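Student: This is the structure, below, for whatever I ask next.
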Amino acid sequence: MELIWFEDYLALAETLNFSRAAELRHVTQPAFSRRIRALEGWVGAALFTRTTHGVALTPAGEHFHDQAEVLTRALHQLRRDTLEVSDRHVRPLSIAATHALSFTFFPKWVRRNDRVLALGNLNLISDSMQACEQMMLRGDAQFLLCHHHKNMSSRIYSRQFKSIVVGADTLLPLSAPAANGVARWLLHRGDPVKYLAYSAQSGLGRIVAAQWGAKDRPFTLETVFTSHLAATLLSMTRAGDGVAWLPQTLAEEDISAGLLVEAGNVEFQIPIEIRLFRPVARQSKAVEAIWSAFERA
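Heads up: the sequence shown begins at 1 in full-length UniProt numbering, then just goes up one per residue.
What follows is the structure in structure tokens.
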């Protein structure tokens, strides 16, 4: 048995898509499939059903899930703790952060809490929400900085993790202005508005979907482009290609300069929190010291 098989299993259990899971694991799909079959051979039972309609967990796969997640984290933590005791390995503490917060919120936030930097070497890992979740579940990062909304889904919203609120933001529906200064693309019923959407890997995309799913939406959207990067959607919105829900912290300079305007009423805004997550289980002295410093701040 190899630990990477457990990590492969967790990626496939999350995505239920072999090609997407293989991409997350940075391996070819044939190699990924072989490792899943090897895990099922070791367990002695099929963990997934494979049909023309897609992939699903079997009852055995469902039973395997929670303990596989706990065991994977525990093994990574055991290795880190052992290396720390050995005094032969000084590893920086890793904070996983979504791309948008890495560029806008994180630098100012850390400078405001400068005593945190004195407690240890911090390593910022910037990626999509989906990739950041994987890092936390594998134990590759000790903290996760991300946007949060009460209605969004996430694998880290479980008893294994806890969080504190460290900031606030708002997702604004934005458009480039027309010649008369109003939004080129206005949210309304009737003709579809060109929509610049977040991909499935994006936490912001989950928030927008949770708030403005297709049901009872007071406007009509036509998705013309998809990306997990808010910065990419910002550039395309600025160029006039459609409407995107963008973090105010990311778009505020363009709004102040008149390059972007709101495409709808205040009711279309989505207030969100910025949260810092960590495992509930006791961590190293350095992790606990940094967490205490953030809590006091």
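Built from N, CA and C at the ideal position, the CB exists for glycine as well.
As the structure is a computational prediction, the values presented were derived from the model and not from experiment.
Check whether the Cβ atoms of residue 279 and residue 112 lie closer than 8 Å to each other.
Tutor: Position 279 of the sequence shown, counting from 1, holds the residue named residue 279. Position 112 of the sequence shown, counting from 1, holds the residue named residue 112. No, these two residues do not count as a Cβ contact at 8 Å.
Student: Using only the alpha-carbon positions, how far apart do residue 123 and residue 57 sit?
Tutor: The count along the sequence shown starts at 1 and reaches residue 123 at position 123. The count along the sequence shown starts at 1 and reaches residue 57 at position 57. If you take the alpha carbons of residue 123 and residue 57, they lie about 35 Å apart.
Student: Grouping DSSP H, G and I as helix and E and B as strand, with all else coil, what is residue 167?
Tutor: Numbered from its first residue, the sequence shown carries residue 167 at position 167. Here residue 167 sits in strand by DSSP.
Student: Determine the closest residue to residue 276 out of 197, 168, 17 and 249, with distance taken between C-alpha atoms.
Tutor: Stepping through the sequence shown from its first residue, residue 276 is reached at position 276. Looking at the Cα atoms, 168 is the closest of the given residues.
Student: Rounded to whole angstroms, what's the CA-CA distance from residue 202 to residue 227? Just pull it up for me.
Tutor: For this step, residue 202 is matched to residue 202 along the sequence shown. For this step, residue 227 is matched to residue 227 along the sequence shown. If I take the Cα positions, the gap works out to 8 Å.
Student: On the DSSP letters alone, give me the boundaries of the beta strand (DSSP E) that residue 210 sits inside.
Tutor: Locating residue 210 in the sequence shown gives position 210, where the first residue counts as 1. Where residue 210 is concerned, there is no enclosing beta strand (DSSP E), although the alpha helix (DSSP H) it sits in stretches over 203-211.
Student: Could you tell me the alpha carbon to alpha carbon distance between residue 29 and residue 186, rounded to whole angstroms?
Tutor: Looking up residue 29 in the sequence shown gives position 29. Looking up residue 186 in the sequence shown gives position 186. Approximately 42 Å, taken between the alpha carbons.
Student: Between which residues of its own chain and residue 130 is the CB-CB distance below 6 Å, once the five residues before and five after are set aside?
Tutor: Counting from one through the sequence shown, the residue named residue 130 turns up at place 130. Excluding sequence neighbours, residue 130 sits near 201.
Student: By DSSP, does residue 289 sit in helix, in strand, or in coil?
Tutor: Numbered from 1 along the sequence shown, position 289 holds the residue referred to as residue 289. Helix, per DSSP.
Student: From the DSSP output, read off the bridge partner residues of residue 261.
Tutor: Reading the sequence shown from its first residue, position 261 is the one you call residue 261. Answer is 175, bridged to residue 261.
Student: Looking at the structure shown, is residue 111 part of a helix, part of a strand, or coil, going by DSSP?
Tutor: Against the sequence shown, residue 111 aligns to sequence position 111. Looking at residue 111 - three-state DSSP - the assignment turns out to be helix.
Student: Identify whether residue 268 lies in helix, strand or coil by the three-state DSSP scheme.
Tutor: Numbered from its first residue, the sequence shown carries residue 268 at position 268. Here residue 268 sits in helix by DSSP.
Student: Classify residue 190: buried if its beta carbon has 16 or more other beta carbons within 10 angstroms, exposed otherwise.
Tutor: Within the sequence shown, the letter at position 190 stands for residue 190. Exposed.
Student: Which residues share a DSSP beta bridge with residue 273?
Tutor: Counted from its first residue, the sequence shown places residue 273 at position 273. Answer is 148 and 168.
Student: On a Cα-Cα basis, can you pick out the residue from 236, 224, 174 and 75 that is closest to residue 249?
Tutor: Numbered from 1 along the sequence shown, position 249 holds the residue referred to as residue 249. When each option's Cα is compared against that of residue 249, the closest is 174.
Student: According to DSSP, what are the bridge partners of residue 123?
Tutor: Against the sequence shown, residue 123 aligns to sequence position 123. Answer is 94.
Student: Flag this pair as yes or no: are the beta carbons of residue 8 and residue 37 separated by less than 8 Å?
Tutor: Counted from its first residue, the sequence shown places residue 8 at position 8. Counted from its first residue, the sequence shown places residue 37 at position 37. No, they are not a contact pair.
Student: Do residue 229 and residue 176 come within 8 Å of each other at the CB atom, strictly closer than that value?
Tutor: To locate residue 176, count along the sequence shown from 1; it is residue 176. To locate residue 229, count along the sequence shown from 1; it is residue 229. Against a cut-off of 8 Å, the Cβ pair of residue 229 and residue 176 comes out as no contact.
Student: Verify whether the separation of the beta carbon atoms of residue 69 and residue 164 is less than 8 Å.
Tutor: The sequence position of residue 69 within the sequence shown is 69, counting from 1. The sequence position of residue 164 within the sequence shown is 164, counting from 1. Going by C-beta atoms, residue 69 is not nearer than 8 Å to residue 164.
Student: Rounded to whole angstroms, what is the Cα-Cα separation between residue 141 and residue 233?
Tutor: The count along the sequence shown starts at 1 and reaches residue 141 at position 141. The count along the sequence shown starts at 1 and reaches residue 233 at position 233. About 27 Å.
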